[in-house]
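Each residue of the sequence shown is one higher than the last, beginning at 0 in numbering that gives the first Met the number 0.
Heads up, the beta-carbon is just placed ideally off N, CA and C, and yes, glycines get one too.
The structure under discussion appears below in the form of structure tokens.
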Amino acid sequence: MTDSFKKMLEYQKLDMELRKINKEYNSLPEKKRLDVTRNKFNEAQSALDRNASNAATYGAEVERLYVEFGEIMKRFENVEAVYNAATTAEEKAALLPKLEQIRSGAESCRNKINSRIEKIKMLTNECMKNLTTKKKVKEDFDNTKAKLDEIRAKSMPERKRIEEQMKSLEVTLDKSLLAAYNKFRSDGIAPVFVPVVGDNEKDYACICGMQLSQTNKSELKNKSMCQCDTCRRMVYLA
Ligand SMILES: [Zn+2]
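The structure is reproduced here in structure tokens:
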């Protein structure tokens, strides 16, 4: 094994330590709780937005209906004036259906206004509930976040130590080897370099459990390294 590869393995060891710390952190129940509360908060926020927007739409309708109601009342007053000025019973009787029609139009308009106002009240209540939920969920989120920050702070010196060691090691590494390593890591492969399993060539296998193919075995013999066909890890001769 070359010195350059030994350094690479040292680097990988540190990287795996860092990965373990991150994995532990990410599997904390608080981490999941944070995601859940974040989703709940977003749900409450979008419900609030939706309800407020619907209330505003009804509000605009009420405004329009009030104008309509005013116009109907004006029409009623006009016809009423004509009715009062009429001198004969026939004339008055002829105006009655018109007055009744306007009156019923006014009533239907008023009913529409009332039903919209009811909806606005209902939506306002919903908005208040959404706000309460938001506040409660936010408190939960903040508490969980504080706990997580505390846990993270505890592992910080260890993380820093590893990161600094990696950094100083990095400059001494073979650039193309490091680039290859980083490529594998970004593909989600970890660890990248693994020692071959088995004492004799006949039994050589990868740590994933797969027996190495004949081609891989000869490549391992010639280049001290081959790639597992199954898990894509780089298998090396220890
Ligand atoms: Zn494998």
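Is residue i buried or exposed, if buried means 16 or more other CB atoms sit within 10 Å of its CB?
{"i": "methionine 7", "result": "buried"}
{"i": "asparagine 129", "result": "buried"}
{"i": "arginine 115", "result": "buried"}
{"i": "alanine 152", "result": "exposed"}
{"i": "arginine 232", "result": "buried"}
{"i": "valine 170", "result": "exposed"}
{"i": "threonine 143", "result": "buried"}
{"i": "asparagine 50", "result": "buried"}
Quick one, which of the options has its alpha-carbon nearest residue i's?
{"i": "tyrosine 65", "options": "Asp2, Phe192, Cys108", "result": "Cys108"}
{"i": "threonine 123", "options": "Met72, Asp48, Phe192, Val234", "result": "Asp48"}
{"i": "arginine 158", "options": "Phe4, Ser3, Tyr24, Met0", "result": "Tyr24"}
{"i": "proline 28", "options": "Arg160, Leu147, Phe183, Leu211", "result": "Leu147"}
{"i": "proline 190", "options": "Asp2, Ala179, Asn221", "result": "Ala179"}
{"i": "lysine 201", "options": "Ser167, Lys216, Phe68", "result": "Lys216"}
{"i": "methionine 127", "options": "Ala46, Gln100, Asp198, Asp186", "result": "Ala46"}
{"i": "arginine 186", "options": "Cys230, Asp141, Glu163", "result": "One detail in the question is off: residue 186 reads as aspartate in this sequence, not arginine. Answer by Cα proximity: Cys230."}
{"i": "phenylalanine 4", "options": "Lys182, Leu177, Cys227", "result": "Leu177"}
{"i": "threonine 1", "options": "Lys30, Lys166, Glu163, Asp173", "result": "Asp173"}
{"i": "glycine 208", "options": "Cys227, Ala84, Asn77", "result": "Cys227"}
Excluding the 5 residues preceding and the 5 following residue i in the sequence, name in chain order all residues of the same chain whose CB lies nearer than 7 angstroms to its CB.
{"i": "valine 136", "result": "Thr36, Lys39, Phe40, Ala43"}
{"i": "lysine 111", "result": "Leu64"}
{"i": "alanine 237", "result": "Pro194, Val195"}
{"i": "asparagine 53", "result": "Leu122"}
{"i": "valine 81", "result": "Leu94"}
{"i": "arginine 18", "result": "Ala189"}
{"i": "leucine 161", "result": "Before going on, a small fix: residue 161 reads as isoleucine here, not leucine. The residues are Leu13, Glu16, Leu17."}
Below 6 angstroms CB to CB, which residues in the same chain sit around residue i once its five sequence neighbours on both sides are set aside?
{"i": "cysteine 225", "result": "Asn215, Glu218, Leu219, Val234"}
{"i": "tyrosine 57", "result": "Arg115, Lys118, Ile119"}
Which residues in the same chain as residue i place their Cβ atom closer than 8 angstroms to its Cβ, once the five residues preceding and following it in sequence are excluded?
{"i": "valine 61", "result": "Ile112, Arg115, Ile116, Ile119"}
**Report entry** Segment contact, 8 angstroms Cβ cut-off, at least three pairs: the segment 116-123 with the segment 3-23
**Finding:** These segments do not touch.
Report task. Please go through the segment 161-199 and give each complete alpha helix (DSSP H) segment of 4 or more residues, from N-terminal end onward. Result -> Listed in chain order, they are 174-185.
Report task. Starting from the N-terminal side, write out each stretch of the beta strand (DSSP E) that is 3 residues or longer and does not extend beyond the segment 18-61. Result -> As far as the segment 18-61 is concerned, it has no whole beta strand (DSSP E) run of at least 3 residues.
Query - Segments assigned beta strand (DSSP E), at least 3 residues, entirely inside the segment 82-135 - result: Runs of the beta strand (DSSP E) inside the segment 82-135: none found.
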